[in-house]
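Structure record follows, encoded as C-alpha cells.
There are 2 protein chains.
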Amino acid sequence: MSQSLDRALTLVGELATGPKTLEELSGVIEVHKSTTMRLLRTLESHRFVQREGVHHYRLGTALFDLANRALEERDVRRSAETALRDLNARTGYTVHLASYEDGEVIYIDKYDSTHPMRMYSRIGRRAPLHCTAVAKVLLSDLPEPRRREVAKTIDYVPLTANTITTPEAYLAELDRVRSAGYAVDNAEHEDFIHCIAAPIRGARGETVAAVSMSVPKVLLDYDGLLGHLPDLLATARAASVECGWTPRD
Amino acid sequence: MSQSLDRALTLVGELATGPKTLEELSGVIEVHKSTTMRLLRTLESHRFVQREGVHHYRLGTALFDLANRALEERDVRRSAETALRDLNARTGYTVHLASYEDGEVIYIDKYDSTHPMRMYSRIGRRAPLHCTAVAKVLLSDLPEPRRREVAKTIDYVPLTANTITTPEAYLAELDRVRSAGYAVDNAEHEDFIHCIAAPIRGARGETVAAVSMSVPKVLLDYDGLLGHLPDLLATARAASVECGWTPRD
DNA sequence: TCCTCACGTTGCATATAACGCAACGGCTAT
DNA sequence: ATAGCCGTTGCGTTATATGCAACGTGAGGA
C-alpha cells in the first residue's frame with residue numbers, strides 16, 4: 165500500500181507510549197533519521213505530533229480535535245449495529261437499543277425475534293421508566309440527585325404483579341443495577357416476557373445507550389434468561405468499543 | 165516534505181467533517197481515485213479510518229485511543245480534575261481547563277453546564293487568543309518580549325462590541341491580568357456569555373494551565389459573575405496544589 | 001576557553017514506490 | 001435486460017521518498 169504513510173502511522177502509534185527522540189523513532193521504523201525527520205515534519209505541520217523540547221516528539225493536539233469530532237459524528241445506532249445484529253442472529257431473540265434523552269428513554273433500534281411473538285416496542289417509542297430493563301440501565305448512570313428527581317416524577321402504573329410501584333423500591337433497584345452492571349425486567353412490563361439489559365459506554369466511560377434482550381417466558385425460564393447474561397455483556401462490550409470506549413487492562 | 169503523508173493527513177482532517185465517499189475524498193486532495201484508495205487502505209489498516217457501508221469512510225477508533233493516551237500525558241488534566249469537577253458541581257456553570265502550547269491555547273478539559281446552553285468550545289480546540297479569559301491568563305505569564313511578539317501576530321477579529329482589537333490594548337490587558345491574578349472575558353467572544361479565568365501553577369510557580377467559568381449573561385449579570393471570583397480562585401489554588409505548587413505562607 | 005562528541009539538519013544523486021491510466025467488475029436503478 | 005456509476009486491479013512511468021555524507025549546533029569536560 166503506501167509505505168511512507170504506513171511508517172508515519174507507526175510513528176504516531178509509537179508516540180502514544182510516550183515522547184521519543186528522532187533516533188529512537190528511526191529505530192522503530194528502521195529507516196535513516198533524515199527520512200524519519202521528514203515524516204515527523206509533515207506530521208507536525210498537521211499538528212499530529214509536536215516537539216517537546218529540542219530532542220523529543222510527542223503526540224499533537226490535532227488528535228484531541230479529531231477524536232472529539234469523530235465521537236460527535238458517530239451515532240450509537242450505527243456503531244452498535246453489527247454487535248447487536250450478531251446477538252440477534254446467535255440467539256434468535258428480540259434485541260433492543262435504547263438511549264436516554266432529556267427525561268425519556270427512547271428505543272432507537274430493534275432487531276426482531278426470529279420466533280413469532282408480539283412485542284409492543286417500536287423504534288422512536290418511549291419506554292416506560294419503571295418497568296423496563298433498558299430504562300433501569302440508563303437511569304442508573306445518572307448522578308444521584310438527578311435519579312431522585314426522576315424517580316419522584318415517575319407514574320408507577322402497575323402493569324403486572326411484579327411491577328415496581330414505589331420510588332424507594334425503584335431507587336434501590338437502580339443501585340443494584342449500577343453495581344451489578346446489568347438490569348433485569350422480570351415480567352414487570354408484560355406478564356409473558358422478561359428481559360435483561362446492559363450499558364453501552366462511550367469514550368469517557370459514560371453510558372451512551374443500553375442493549376436489551378427480550379424473551380417470552382414460554383421459550384425460556386428465568387434461569388435460562390440469566391444464562392444469556394455473558395453473551396449480552398460481551399455484546400455490550402463490543403458495541404462500547406465501537407463507540408470509543410477503551411477497556412482498562 | 166512527504167507528499168503522500170500530507171495528502172493522507174488532509175484526508176483524515178476532511179473526514180472529521182463527516183463520512184465521505186472515495187470520489188469526494190479524491191476531489192479534496194485532487195488525485196486519482198486509485199491513489200486515494202491506497203491511502204485509505206493504509207489508514208484503515210492502522211484503524212485511523214474505517215469503512216461505513218460500502219461507499220463511505222469515516223474516522224476510526226485508533227483516534228480515541230491516541231487522544232486518550234496523549235491527554236493522560238498532560239497530567240495537569242488529571243491533577244486538576246477533582247477541583248474542577250467540584251466547582252462545576254457547586255455552581256452548575258461550564259468549567260474549562262486550557263493550556264498554552266507552541267503559540268496556541270488549547271482546551272484540554274471541560275465540565276459542562278447543568279443549565280441547557282450552547283457553547284462552541286470543545287476539548288482539543290484552539291481558543292482565540294484575543295478574546296478569551298483563559299488565553300489572557302496563559303499569555304500574561306509569558307516573558308515580556310515573548311508577549312509582545314505574540315500580541316503582534318494575533319489577528320484581532322472583532323467578534324462582539326467588546327472585543328479587544330489592538331495589540332496595545334491587549335498588552336495593557338495582559339498587564340492587568342498579571343497583577344490582578346485573574347482574567348475576565350466581558351462578552352468579548354460571544355455576545356451572550358461572559359467568563360472569568362485564573363491560573364493553575366506548577367511546582368516552580370509557573371502557570372501550567374488556566375481554569376475558567378463561563379456563564380450566560382441571562383443567568384447572571386457582570387457583578388454576579390465577579391461574585392464567583394473567590395470560588396474560582398480557591399479552585400485554581402486547589403488545582404495548583406495538586407500540580408505541585410506550594411502556597412507561600 | 002577550547003575541544004569533542006552527540007544529535008539534528010541540509011543538499012544531492014539514485015532507486016523505489018507512489019502515481020495516473022485504462023480496463024474490469026459488481027451493484028443499482030430504470 | 002441494460003446502462004451507468006463506483007470501487008477495484010495491473011501496469012508502465014516518473015515523481016518522490018530515501019540513504020548518504022557533509023554540515024551545524026549545543027552541551028559537557030578538561
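Protein chains in written order, with our numbering: chain A, 165 to 413; chain B, 165 to 413.
Every residue, glycine too, gets a C-beta built ideally from N, C-alpha and C.
| request: Pull up the CB-CB distance for Arg311 (chain B) and Leu293 (chain B), whole angstroms please, since I reckon it's below 8 Å. | output: Along the second sequence, one-based indexing puts residue 311 (chain B) at 147. Along the second sequence, one-based indexing puts residue 293 (chain B) at 129. Rounded, the Cβ-Cβ distance is 11 Å, inconsistent with contact.
| said: Quick check: the stretch 397-406 of chain B against the stretch 357-364 of chain B, are at least 3 beta-carbon pairs closer than 8 Å? | reply: yes
| task | Grab me the residues of Leu203 (chain A)'s own chain with a C-beta within less than 7 Å of its C-beta, minus the 5 sequence neighbours each way, in chain order. | result | Along the first sequence, read from residue 1 onward, the residue named residue 203 (chain A) stands at position 39. Taken in chain order, the residues that qualify are Ser168, Arg171, Ala172, Leu175.
| query | Residues in its own chain within less than 8 Å of Ile328 (chain B) by CB, not counting five upstream and five downstream? | reply | Translated into the one-based positions of the second sequence, residue 328 (chain B) becomes position 164. Excluding residues within five positions, the ones whose Cβ falls inside 8 Å are His294, Cys295, Tyr320, Tyr334, Glu337, Glu352.
| field | Residues in the stretch 195-208 of chain B having any Cβ partner in chain A nearer than 8 Å | value | Arg202, Leu203, Arg205, Thr206, Leu207
| With contact counted as at least three CB pairs below 8 Å, one residue from each stretch, are the stretch 191-199 of chain B and the stretch 179-195 of chain A in contact? | no
| task | Under 8 Å by Cβ, that's how I've got Ala344 (chain A) and Val240 (chain A) pegged, so tell me the actual separation to the nearest angstrom. | result | On the first sequence, position 180 is the one that residue 344 (chain A) refers to. On the first sequence, position 76 is the one that residue 240 (chain A) refers to. Going by Cβ atoms, the distance from Ala344 (chain A) to Val240 (chain A) rounds to 22 Å, so no, they are not a contact pair.
| task | Following the continuous beta strand (DSSP E) through Arg289 (chain B), name the residue where it begins and the one where it ends. | result | Along the second sequence, read from residue 1 onward, the residue named residue 289 (chain B) stands at position 125. Where Arg289 (chain B) is concerned, there is no enclosing beta strand (DSSP E), given that its DSSP letter is neither H nor E.
| message | Strictly below 8 Å CB to CB, what residues from chain A border Ile270 (chain B)? | response | By one-based count along the second sequence, residue 270 (chain B) stands at place 106. Per Cβ cutoff of 8 Å: Thr225, Phe228.
| What's the call for Lys316 (chain A), buried or exposed, on a 16-neighbour Cβ count within 10 Å? | Looking up residue 316 (chain A) in the first sequence gives position 152. That one is exposed.
| request: Note the first and the last residue of the continuous beta strand (DSSP E) segment covering Lys274 (chain B). | output: Position 110 of the second sequence, counted from the start, is the residue given in the question as residue 274 (chain B). Counting along the chain, the beta strand (DSSP E) containing Lys274 (chain B) begins and ends at 268-275.
| query | Between Val248 (chain A) and chain B, is there a C-beta pair that is closer than 7 Å? | reply | Here residue 248 (chain A) is taken as the residue at index 84 of the first sequence, counted from 1. It should be pointed out that residue 248 (chain A) corresponds to Leu in this sequence rather than to Val. False, the Cβ-Cβ gap to chain B never drops below 7 Å.
| Taking Cβ positions, are Arg340 (chain A) and Ala180 (chain B) nearer each other than 7 Å? | To locate residue 340 (chain A), count along the first sequence from 1; it is residue 176. To locate residue 180 (chain B), count along the second sequence from 1; it is residue 16. No, these two residues do not count as a Cβ contact at 7 Å.
| For the alpha helix (DSSP H) that Thr255 (chain B) lies in, which residues bound it at each end? | Along the second sequence, one-based indexing puts residue 255 (chain B) at 91. 240-255 is the extent of the alpha helix (DSSP H) around Thr255 (chain B).
| Using a Cβ-Cβ distance under 7 Å, would Asp413 (chain B) count as near chain A? | Along the second sequence, one-based indexing puts residue 413 (chain B) at 249. Any reading at Asp413 (chain B) must be qualified, since the residue scores a pLDDT of 43, below 50, and its modelled position is unreliable; the value itself is stated next. So, not an interface residue.
| query | Which one of B:Leu261, B:Leu390, B:Leu389 has the shortest CA to CA distance from Arg242 (chain B)? | reply | Here residue 242 (chain B) refers to the residue found at position 78 of the second sequence. Of the candidates B:Leu261, B:Leu390, B:Leu389, the one whose C-alpha sits nearest the C-alpha of Arg242 (chain B) is B:Leu261.
| Beta-ladder partner(s) of Val375 (chain A), from DSSP | Here residue 375 (chain A) refers to the residue found at position 211 of the first sequence. Answer is A:Leu261, A:Ala362, bridged to Val375 (chain A).
| request: Answer yes or no: does any C-beta atom of chain A fall closer than 7 Å to that of His353 (chain B)? | output: Here residue 353 (chain B) corresponds to residue number 189 of the second sequence, with the count starting at 1. Closer than 7 Å: no.
| Is Ala253 (chain B) buried or exposed, if buried means 16 or more other CB atoms sit within 10 Å of its CB? | As a first step, residue 253 (chain B) is located in the second sequence; it is residue number 89 there, counting from the start. Result: exposed.
| query | chain B partners of Asn326 (chain A), CB-CB under 7 Å? | reply | Along the first sequence, one-based indexing puts residue 326 (chain A) at 162. Going along chain B, no residue has its Cβ under 7 Å from Asn326 (chain A), so there is no contact; the nearest lies around 35 Å.
| field | Status (buried if at least 16 other CB within 10 Å, exposed otherwise) for Thr371 (chain B) | value | As a working mapping, residue 371 (chain B) is identified with position 207 in the second sequence. Buried: at least 16 other Cβ atoms inside 10 Å.
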